[in-house]
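Number of protein chains: 2
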Amino acid sequence: MTTARGLTPPSPANGQEEIRRQNLSAVLRHLHVHGPISRAELTGRLSLNRSTIGALAADLVASGLATEEAPTTSRRAGRPSLVVSPRSDRVWVRAASIEPDRLRAARIGLGGRIIDQWEAPRPPGATPLDTVAELAVLIRRTERGLGPDTLCAGGAVAVADTIHELDGTIHLTGADDKIAAALGPDFVVADLADAAALAEHVRGVAAGIDDVVYLHGGPGVSAGILSGGRLVTGHGGRSGKVGHMVVHPYGRKCGCGSRGCWETEIGAAALLRAAGASEGTSPQAVIRAAEWGDVLARRALDVVADWLGLGVANLVNVFNPDIVVFGGALRELYVAGAANVRHCLDTMALPASREHLQLRAGSLGADAPLIGAAELAFESLLADPLNSAG
Amino acid sequence: MTTARGLTPPSPANGQEEIRRQNLSAVLRHLHVHGPISRAELTGRLSLNRSTIGALAADLVASGLATEEAPTTSRRAGRPSLVVSPRSDRVWVRAASIEPDRLRAARIGLGGRIIDQWEAPRPPGATPLDTVAELAVLIRRTERGLGPDTLCAGGAVAVADTIHELDGTIHLTGADDKIAAALGPDFVVADLADAAALAEHVRGVAAGIDDVVYLHGGPGVSAGILSGGRLVTGHGGRSGKVGHMVVHPYGRKCGCGSRGCWETEIGAAALLRAAGASEGTSPQAVIRAAEWGDVLARRALDVVADWLGLGVANLVNVFNPDIVVFGGALRELYVAGAANVRHCLDTMALPASREHLQLRAGSLGADAPLIGAAELAFESLLADPLNSAG
């Protein structure tokens, strides 16, 4: 708000070029997010006149970013408006993830379509940087047999925020320049929960919603947060470590060294502990047992879902979001314990912040981090279509 | 990030005008934030060429927003560069606050100088809207004897987020359109902690820092938060209610209806309770007694400062800020209990987020909400200087 930006000197050419860039960006972004659309509809959606839209679409077609064709059916008389489509087959990005238990790589086309996807297990305890060589192999695999006339618009990798060692201790990872350097020029490195949050914001259950708290459950719990449509990343890209909010000061020791962190109460281990289940049991099995009427499992689920609700209420009071989205392992916990979560919110969240709040399970499932990474990778092309398209 | 904005059709005039508006905005903003500066320095700071800066400065002078004059002393040979100054005497805004215990109104000049200021007590329990008539009287008082050739660029009021009733219950207030309507056209209504945070970000201890958690203590505790230089306001402008994070689930009942909220552990009442002080005692008296070596007071301060540190650690894990600023009543508590707060951060905040973190007492004192309100009021002039200057 207060930073005086360095601006280029005004000149007619510069001004016109800048407006054209902004308009091309708006059109390509619309195609990417919303898919094929007629020129006539674009005119209305972007408040640009017909001849401008025609010229912009022609530019995008000439650069190989879009196609134009007559609609297959037209309900109106007269010459039908041409339909503009993103070239998802030709224009793509590299999207990858370094997750607690696996590595994944995908080739994702303009428009957000996953064209090809590969995965491999991640050695336990390996740092993200340790996995980069293997990840690069997966990435190359998604590009086998690729024709010559395609455009790679960028690459991004979503990295899980913590490494859980076998002895229970936790190391924080976070965005790392070395990973980017190892994977290729201009590779973007993002936090896994941030990428998944972005995916749900662009293409998922939080589409069109600007104030979003997305909670991701894995071995730990972290959040991707959008405020006013922008990711809250923090000073070093390490925001959203909500699993390490202390909610129970006299509670259990956490692998991070603190005590009573939220994830000690809502993580997979907490549910198994509360249910008295043996170590090999999956949290899903406890949740299913609870749903089938097992009393001990139900009681365990209630306890854990109450703690989930308490932490969600805290975040609602802090962020006043429109929506809280539950992803990763928290998706199932939320679905099974939604009544508890809602009850906690009714008693602990401030009424004014509770009023319009939506609670939702994520809609993109396990693909969310990859789809979000693709959004980050496409960003430079979307911001300046003709320059980036070469 | 994904919203296709409606853009006006490109035309040479439009493009040039837009660039000129952006440049005028950058120059006026620089004058407003950093004060008088020579044309030569402006050229460097804004990466604009000399003739462009000359033309922009002339425009601002012609509109009565700035003055230009030869510097009183010049260390260099040759014709000295003219010094451009904001017209703090002529261009001003209305800035007001509705605080738990008082109403304030100030006239604040371009550049952030408080020209005149008045205050009156606030009747306990009165809603913000109840106080508007009296606030309007204070505002008018700041404008007595004002010459004809001045420009009021806007108005804003900072409103405390909660009303504490005599029976201890808490009602949340928040931005209210009716207050804005009652005070005048285009009056901006903001949360008090948000306004104070903005003030510390523009002119205080957090100047030049983009990821800021500002904590404001009054009867309750709330926060103004900046992420990437922008205020995190939430869906309904009600973010930052950090006093109602539950940090002690088995703790005391809070006036909001919940239990174990952060403000039940660090509010003024908590300190008095821990010290066994009688109700009329001021928290400052307890803090001073602790500093003078009173054992009971010191123990009470330790307990409360530990809770302060716990909540700060939570916010650091959630936001990964560069700086946490303590304002209002929390300023003194932090200064007296800084060692405890730092110790809590060392054990509870994730090392990567703790590493570069600064902890600071606010530098603008009680004026922060008014100065922040003025920043909000000046925003439309700063964004489009010539249009707003009429």
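Chains as they are written, first to last, in this note's numbering: chain A, -1 to 388; chain Z, -1 to 388. C-beta: ideal position from N, C-alpha, C; glycine also.
Residue i classed as buried or exposed, judged by whether at least 16 other C-beta atoms fall within 10 angstroms
i, result
"alanine 68 (chain Z)", "exposed"
"proline 262 (chain A)", "Per the sequence shown, residue 262 (chain A) should be read as threonine rather than proline. The residue is buried, with at least 16 neighbouring Cβ atoms inside 10 Å."
"leucine 54 (chain Z)", "buried"
"histidine 354 (chain Z)", "exposed"
"glycine 238 (chain A)", "buried"
"alanine 131 (chain A)", "exposed"
"arginine 48 (chain Z)", "exposed"
"serine 351 (chain Z)", "buried"
"glutamate 277 (chain Z)", "exposed"
"alanine 303 (chain A)", "buried"
"glutamate 373 (chain Z)", "buried"
"proline 247 (chain A)", "buried"
"glycine 232 (chain Z)", "buried"
"arginine 100 (chain Z)", "exposed"
"proline 10 (chain Z)", "Low confidence applies to proline 10 (chain Z): its pLDDT is 39, below 50, so where it sits in the model is not reliable, and the reading given next is rough at best. Classification of proline 10 (chain Z): exposed, given that the 10 Å Cβ count is below 16."
"proline 183 (chain A)", "exposed"
CB contact check: residue i to chain Z, cutoff 9 Å
i, result
"valine 240 (chain A)", "yes"
"glutamate 163 (chain A)", "no"
"phenylalanine 317 (chain A)", "yes"
"valine 91 (chain A)", "no"
"leucine 170 (chain A)", "yes"
"arginine 286 (chain A)", "no"
"arginine 236 (chain A)", "yes"
"serine 79 (chain A)", "no"
"glutamate 16 (chain A)", "yes"
"aspartate 320 (chain A)", "yes"
"proline 367 (chain A)", "no"
Alpha-carbon to alpha-carbon, residue j and residue i
i, j, result
"glycine 4 (chain A)", "isoleucine 113 (chain A)", "In this predicted model, glycine 4 (chain A) has a pLDDT of only 32, less than 50, meaning its place in the structure is not dependable enough to derive any value."
"threonine 129 (chain A)", "isoleucine 161 (chain A)", "12 Å"
"leucine 136 (chain Z)", "serine 378 (chain Z)", "24 Å"
"phenylalanine 324 (chain A)", "arginine 358 (chain A)", "6 Å"
"glycine 418 (chain A)", "isoleucine 51 (chain Z)", "Residue 418 (chain A) falls outside the range modelled here, since chain A spans only -1 to 388, and no answer is possible."
"alanine 311 (chain Z)", "cysteine 342 (chain Z)", "7 Å"
"alanine 2 (chain Z)", "valine 187 (chain Z)", "Note on alanine 2 (chain Z): pLDDT 30, under 50, position unreliable in the model; the coordinate value appears next. Each residue's alpha carbon lies about 28 Å from the other."
"valine 230 (chain Z)", "glycine 226 (chain A)", "7 Å"
"proline 217 (chain Z)", "arginine 286 (chain Z)", "19 Å"
"alanine 334 (chain A)", "glutamate 198 (chain A)", "21 Å"
"serine 36 (chain Z)", "serine 79 (chain Z)", "6 Å"
"leucine 149 (chain A)", "alanine 104 (chain A)", "15 Å"
"aspartate 300 (chain Z)", "leucine 313 (chain Z)", "20 Å"
"alanine 371 (chain A)", "glycine 110 (chain A)", "10 Å"
"arginine 139 (chain Z)", "tryptophan 116 (chain Z)", "7 Å"
"threonine 70 (chain Z)", "phenylalanine 376 (chain Z)", "29 Å"
"glutamate 15 (chain Z)", "alanine 151 (chain Z)", "22 Å"
"isoleucine 168 (chain Z)", "leucine 348 (chain A)", "10 Å"
Residues near residue i in its chain [Cβ-Cβ closer than 6 Å; skip 5 each side]
i, result
"aspartate 147 (chain Z)", "none"
"aspartate 185 (chain Z)", "Residue 185 (chain Z) is actually phenylalanine in this sequence, not aspartate. If we look at phenylalanine 185 (chain Z) and ignore the five residues flanking it on each side, its Cβ neighbours are Gly153 and Ala178."
"proline 367 (chain A)", "Ser95, Ala156, Leu190, Ala193 and Ala194"
"glutamate 163 (chain Z)", "Gly123"
"asparagine 318 (chain A)", "Ser351"
Close Cβ partners of residue i (< 8 Å) along its chain, the five nearest in sequence each way excluded
i, result
"proline 281 (chain Z)", "Ala266, Leu269, Leu270, Ala327, Glu330 and Leu331"
"leucine 384 (chain Z)", "Arg19, Leu22, Asp57 and Ser61"
CB of residue i within 9 Å of CB of residue j, strictly
i, j, result
"leucine 380 (chain A)", "serine 23 (chain A)", "yes"
"leucine 213 (chain Z)", "leucine 196 (chain Z)", "no"
"proline 126 (chain A)", "threonine 171 (chain A)", "yes"
"glutamate 66 (chain Z)", "alanine 158 (chain Z)", "no"
"valine 81 (chain Z)", "glycine 107 (chain Z)", "no"
"arginine 250 (chain A)", "glycine 241 (chain A)", "no"
"valine 200 (chain Z)", "isoleucine 321 (chain Z)", "no"
Cutoff 9 Å: residue i Cβ touching any chain A Cβ
i, result
"arginine 228 (chain Z)", "yes"
"alanine 383 (chain Z)", "Before going further, note that residue 383 (chain Z) is proline rather than alanine in the sequence given. Judged by the 9 Å Cβ criterion, proline 383 (chain Z) is not in contact with chain A."
"histidine 246 (chain Z)", "yes"
"threonine 345 (chain Z)", "yes"
"glutamate 353 (chain Z)", "yes"
"alanine 221 (chain Z)", "yes"
"threonine 167 (chain Z)", "no"
"alanine 372 (chain Z)", "no"
"threonine 148 (chain Z)", "no"
"histidine 341 (chain Z)", "no"
"proline 34 (chain Z)", "no"
Close beta carbons around residue i, own chain, < 7 Å, minus the five adjacent residues each side
i, result
"methionine 346 (chain Z)", "Leu308 and Ala311"
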